[in-house]
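Novice: Protein chains in written order, with the working numbering: chain A, -14 to 282; chain B, -14 to 282.
Where a beta carbon is used, it is the ideal one built from N, C-alpha and C, also for glycine.
Keep in mind that this is a model prediction, so the values were computed, not measured.
Structure in structure tokens, see below.
Laid out in structure tokens, this is it:
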């Protein structure tokens, strides 16, 4: 077990409250005042989650987007955010991007903290997003039923492509899928009453589907060729697209008769009874890493 | 204006929602489901907020305590916390301290995120704490009335003394005031219905009192000699104790007839009409830094 896996197991023991959902969901769901509050906190670190030299406005935008994506995956309507910010060389650009994202998704800044880091340290920033559940029960990763269809709301691989272009300094290709992912808030709300399980694809379809399968006590059988690829991504990169995250599409399961409202929503598999592997890809256990292993609690 | 002051001014423009309280309180107060939710987020950075080499269990304990202190200052009852954690060399000790603090203050972990930082970087950790208001209106920094008494709940300077002992490697002196501050949750709840304004003393009495005075549109006249000093602190360090933070006592104002329940609660001044300075110390504007300027929003 990695250090990080051991840590998360230890943290889980501190989280017996039902609102924590065993630290195995996109967000916590806390009953409060007769409603359900949906809560998430994601951090980003320079050189790990963003490229040194990236526009701080894009970093701010993405920090907001990835947290709101967790709310989207629970069908929640955002109420506000709290920011944990480490001062940097261009705070004004960070605020500009934060302002854009908050305006675009109509979410107020409610509070937070700013700190300094020692010179030369990679900077860390965090955001807590709060939302109001719009549908009860609030979708979890744990509700997939044998026989359900498995769906994604749109193409994968766009963030990977954008990252590679930015990293390599290429030009002429749109990198916004990596820099400015869009949380699917309206789609999440519309889907929430219709799904049996839902989460966002943040760490790679194969990894996230395996998490959903484990949480639901089922197996998810994916049809790799059915997964829609981002425009411009060659067929040879299909497997990479299935194991790269950061696209923030929604992954959900729904009863067999489910028919999507959105043309981009695509069926990519079927829920089957639990087997020796949480995920099958085209009938076999996937080979290699399933995705980006990080520590969302 | 410092970069940080400029940043906070810019962030304030993104926080027009009344729940944000103009980013000028210990916590946000959000009406939700007919109740009031109290929300705070504080970060700590290695080498800035804790000494490299300090026991990670103490760091975890303090991270919980300083956030719960913000809830205490609003009279709120803690509901849970979300953790933003950067992996380090001794995660098990961090979890041990986190576990102690959460058990002691009876607060569940609800979620969060763990990340890695590049080797050699100072680590940053953040915590979001949520509470339920126990009294309406929830005390703010902005309610002090001319003629009110100004009070602190106990002695100052203990954290400063503990920090110096730890920094200098001395022994035989209790450093727990710095390592393991105690959020005054029960006192905050008891005081909330009785105060006109309340906050915690996190950054130095003079600085925090000046913030309260500015938020209330008044002047606070402090009697320096009335401020209780931590045991072991020599009289010559009195001024240092007034400008050092980290003690997490509560600072509050109350009507002239207020009589405290707790023997340690001490009257240290009077609220006066707004003047040329937000705070007077023994009748004059204080000389030098008022406290530790950092960026709690």
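1) So, with DSSP's three-state summary, where would you put residue 228 of chain B?
2) State the DSSP-derived secondary structure class of residue 180 of chain B, mapped to helix, strand or coil.
3) Does DSSP put residue 63 of chain B in a helix, in a strand, or in coil?
4) My output table needs one value for residue 158 of chain A: the three-state DSSP class, helix, strand or coil.
5) Can you tell me where the beta strand (DSSP E) holding residue 111 of chain B begins and where it ends?
6) To which residues of the same chain is residue 70 of chain A closer than 6 Å at the C-beta, ignoring the five residues directly before and after it?
7) For residue 254 of chain B and residue 198 of chain B, which I take to be in contact (beta-carbon distance under 8 Å), what is that distance rounded to the nearest angstrom?
8) Determine which residues share a DSSP beta bridge with residue 20 of chain B and list them.
9) Would you say residue 203 of chain A and residue 193 of chain A are within 9 Å of each other, going by their C-beta atoms?
10) What does residue 158 of chain B touch in chain A if you count any residue whose Cβ is under 9 Å from its own?
11) With a threshold of 9 Å between beta-carbons, can residue 12 of chain B be considered close to chain A, or not?
12) Determine, using beta carbons only, whether residue 119 of chain B and residue 237 of chain B come nearer to each other than 9 Å.
13) List the DSSP bridge partners of residue 97 of chain A.
14) Kindly indicate which residue of B:96, B:40, B:125 has the alpha-carbon position closest to the one of residue -1 of chain A.
15) Check each candidate in A:33, A:94, A:-5 and name the one with the smallest Cα separation from residue 2 of chain B.
16) Select from A:134, A:170, A:233, A:209 the residue whose C-alpha is nearest the C-alpha of residue 224 of chain A.
17) Listing by chain order, which chain A residues have their CB less than 9 Å from the CB of residue 106 of chain B?
18) Measuring straight from C-alpha to C-alpha, what distance separates residue 230 of chain B and residue 27 of chain A?
19) Interface residues of chain B around residue 207 of chain A at Cβ under 9 Å?
20) Sort out for me which residues DSSP pairs residue 205 of chain B with in a bridge.
21) Can you tell me whether residue 150 of chain A is helix, strand or coil according to DSSP?
22) Where residue 250 of chain B and residue 55 of chain B are concerned, what is the direct C-alpha to C-alpha distance, given to the nearest angstrom?
23) State the Cα-Cα distance for the pair residue 155 of chain A and residue 220 of chain A, rounded to the nearest angstrom.
24) Within the continuous alpha helix (DSSP H) that includes residue 49 of chain A, where are the two ends?
25) Let's see if you can read the secondary structure: which residues bound the beta strand (DSSP E) around residue 239 of chain B?
26) With 9 Å as the threshold, decide whether the Cβ of residue 4 of chain A is near any Cβ in chain B.
27) Assign residue 80 of chain B to one of three DSSP states: helix, strand, or coil.
28) Kindly identify the DSSP beta-bridge partner or partners of residue 25 of chain B.
29) Go to residue -11 of chain A, then tell me how far its alpha helix (DSSP H) extends in each direction, as first and last residue.
30) Please name the residues in the segment 85 to 100 of chain B whose beta-carbon is closer than 7 Å to at least one beta-carbon of chain A, in chain order.
31) Give the interface partners of residue 71 of chain A over in chain B, defined as CB-CB distance under 9 Å, in chain order.
32) Is it the case that the Cβ atoms of residue 173 of chain B and residue 58 of chain B are separated by a distance below 9 Å?
33) Starting from the C-beta of residue 160 of chain A, find all residues in its chain whose C-beta is less than 7 Å away, skip the five residues before and the five after it, and write them out in chain order.
34) Do residue 130 of chain B and residue 195 of chain B have their beta-carbon atoms positioned less than 9 Å apart in this structure?
35) Skipping 5 residues on each side, what residues in its chain have a beta carbon closer than 7 Å to that of residue 270 of chain A?
36) Considering only residues of the same chain and omitting the five flanking positions on each side of residue 247 of chain A, which have a CB-CB separation below 7 Å?
Specialist: By the coordinates alone:
1) helix
2) coil
3) strand
4) coil
5) 109 to 118
6) 99, 110
7) That pair is no contact at about 10 Å.
8) B:17
9) no
10) By Cβ distance, chain A contributes nothing, its closest Cβ being about 27 Å from residue 158 of chain B, past 9 Å.
11) yes
12) no
13) A:68
14) B:96
15) A:94
16) A:209
17) 30, 31, 32, 102, 103, 105, 106, 107, 108, 109
18) 29 Å
19) Under the 9 Å cutoff, chain B gives no residues; its nearest Cβ is about 26 Å from residue 207 of chain A.
20) B:256, B:264
21) helix
22) 18 Å
23) 21 Å
24) 41 to 58
25) 235 to 239
26) yes
27) helix
28) B:114
29) -12 to -3
30) 87, 93, 94, 95, 96, 97, 98, 99, 100
31) 28, 30, 109
32) yes
33) 147, 150, 151
34) no
35) 262
36) 138, 172
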